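Mapping of the sequence shown onto this note's numbering: residues 54 to 446, in sequence order. From the three backbone atoms N, C-alpha and C, an ideal C-beta is built for every residue, glycine too. All values reported here derive from a predicted model rather than from experimental measurement.
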Amino acid sequence: MLQEQELRSEVQSAEGDVTGVVTPTNEGRQAAAYMRLARIRLLNNIAIVNALIIGAIAFSAAYEILGTDLRAIAALYYFDLGEDLYPGFARAAVSADLLARLPMDLIHNYEALVPTNPIYYKACTSGVAYALGDFISQVFQGRDLKTIDLARSARSGAAGFIGHGPLCHFWMLWMETYLDFNGAWWATGFKVIADQTIWSLYLNAMYSFFIGALAFRSPAVVWNDIKTTSWPALKTSWRFWPFVHCISFSHAVPLDLKLLWVDVMEIVWVTLLSRVANKDAQEGVEEVAVVGGDGFGVDPALEIELSEIAETQGVDVLAEAQAKRAREAAADGADASEQGNVFVRETLAVAKAFNPANLPPPPQLLSNAWPLAALWPLLYVFYQGELALGLNV
């Protein structure tokens, strides 16, 4: 608001110059001041709209989660049930008990609800987790109500709803059927390896394709981003998920709750990465650099990792890949034009597009894959814990 008042003063100063002569300098100052003032007003309006949207969503979620218990607590104090039946301390104790039991009640309600329509409810679970994860990522990047991109969070949620929840449901069923090996403790290790190689690459590709489609990006650009980010996505994933999935794919988590556990851990992981990436940010920097310009097509956790690389090493992985692709396209076009054959040009483009993901040399790959080896002793410890708790069913 103070900045807007200063700009108004600048506009008035440019309009009422003491000389009374209209000069190109005065006109330029006035136009620049008007543009800055219009931008500030636009950002203020965006902040109001974003605040209303976030407030409505937060209020709706709080009402759905807490509404029943809050009405029950209000009824305890509103209705006269008799001094002997519910004295003041008893009402307080009942209220505290209701709130203390709320988390487990919500989990049990979710577990009872999922079997009625597993694909839909798991899609909703992933949609909420992806949208919330992207929102948290933007907040820790330093964005405020004026600059936060709620449309981007909505696209991320749509990608989770369409491409993550439903297919993860079938993926987990497939692993429980074909990789369980009659409940052997080491079977969880094979599940983790399959999830952190084949499935992790799929999730990166799925997220990029869905976000790219919703943002109307070129398929060639999206495919190049997928190839560029495949290895960073795997490396980032291996720092956290193999150890989390020791629990995810064990008997400690019921099948209908596995995706909920994974999505909650996804939010935790994005939050941790965001805090680590931004804790050393210089004072006065309003926003952390985002790789790729607009953040389209990059998973929130991966975006934080790539942004950290861009800040610490001065390397924008996606920007360099886009420049490399442009040079290759120009070279391919020159070669094809020399041969005078459109078929050759198209064949070269398809061959390049479907090359394997840009993985590093085997020594570097193995040096980063140590969590996939370190998880095996941990799996055995978890297995012994399951036996002690009677969870090996």
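Sorted by chain position, which residues of the same chain lie with C-beta nearer than 7 Å to residue i's C-beta, five sequence neighbours on each side aside?
| i | result |
| --- | --- |
| E339 | Annotation note: pLDDT 40 at E339 (below 50); position unreliable, coordinate value reported separately. So the list reads G195, once near-sequence residues are dropped. |
| F407 | The predicted position of F407 is uncertain, since its pLDDT is 45 and thus under 50; a value taken from the coordinates is nonetheless stated next. Closer than 7 Å at Cβ, skipping near neighbours: no residue. |
| L166 | Y174 |
| P168 | D309 |
| L155 | D122 |
What distance in whole Å lies between the Cβ atoms of residue j and residue i, which are believed to be in contact at a cut-off of 8 Å?
| i | j | result |
| --- | --- | --- |
| I320 | G186 | 5 Å |
| A204 | M228 | A204 to M228, Cβ: 34 Å. No contact. |
| M215 | F263 | With the sequence shown as reference, residue 215 is identified as Ile, and Met is not the correct amino acid for it. Going by Cβ atoms, the distance from I215 to F263 rounds to 6 Å, so yes, they are a contact pair. |
| P153 | R208 | As written in the sequence, residue 153 is Ala, which differs from the Pro given in the question. That pair is no contact at about 37 Å. |
Do you know offhand how far residue i's Cα is from residue j's?
| i | j | result |
| --- | --- | --- |
| F349 | L105 | Confidence is the limiting factor: at F349 the pLDDT is only 44, short of 50, which leaves the residue's position unreliable, though a coordinate-based value still follows. Looking at the two C-alpha atoms, the distance is approximately 24 Å. |
| W224 | L312 | 11 Å |
| L159 | L119 | 10 Å |
| S179 | L220 | 11 Å |
| R144 | I126 | 8 Å |
| L90 | F296 | 51 Å |
| A422 | W291 | 7 Å |
| G108 | A212 | 23 Å |
| I110 | D150 | 27 Å |
| F302 | V245 | 8 Å |
| A161 | L425 | The amino acid at residue 161 is misidentified as Ala; the sequence shows His. About 32 Å. |
| Q437 | M157 | 25 Å |
| F132 | A115 | 24 Å |
| L442 | Y433 | 14 Å |
| N277 | G265 | 11 Å |
| E100 | Q417 | Here the sequence assigns Ala to residue 100, which means Glu is not the residue at that position. Taking the straight line from one Cα to the other gives about 45 Å. |
| P415 | E117 | 50 Å |
| S261 | E80 | 46 Å |
Leaving aside the five residues before and after residue i along the sequence, list all residues of the same chain whose C-beta is less than 8 Å from its C-beta, in chain order.
| i | result |
| --- | --- |
| T250 | L287 |
| P171 | H222, D309 |
Given a cut-off of 8 Å on the beta-carbon distance, is the pair residue i and residue j in contact?
| i | j | result |
| --- | --- | --- |
| Y183 | H217 | yes |
| E164 | H304 | no |
| W314 | V306 | yes |
| F188 | S206 | yes |
| F112 | C299 | no |
| S13 | S327 | Any property of residue 13 remains undetermined from this structure, which presents the chain solely from 54 to 446. |
| L129 | V147 | yes |
| F243 | L226 | no |
Does residue i get closer than 8 Å to chain B when you measure Cβ to Cβ?
| i | result |
| --- | --- |
| A237 | Given the protein chain composition of this structure (a single chain), no chain B is represented. |
Between residue i and the ligand FMN, is there a pair consisting of the residue's CB and a ligand heavy atom that are separated by less than 7 Å?
| i | result |
| --- | --- |
| F193 | Of the ligands one can find in the structure shown there are none, so the ligand FMN has no counterpart to examine. |
Please go through the same chain and pick out, in chain order, the residues whose beta-carbon is closer than 6 Å to the beta-carbon of residue i, but skip the five residues on each side of it.
| i | result |
| --- | --- |
| V274 | none |
- Are the segment 95-111 and the segment 196-207 touching by the rule of at least three beta carbon pairs closer than 8 Å? Cβ pair count under 8 Å is three or more, so yes.
- Meets three-Cβ-pair contact criterion under 8 Å: the segment 248-264 and the segment 275-291: Counting Cβ pairs under 8 Å, three or more are found: they touch.
- Task: Give a yes or no on contact between the segment 416-435 and the segment 230-242, applying the rule of three or more CB pairs nearer than 8 Å.
- Result: Result yes; three or more Cβ-Cβ pairs closer than 8 Å.
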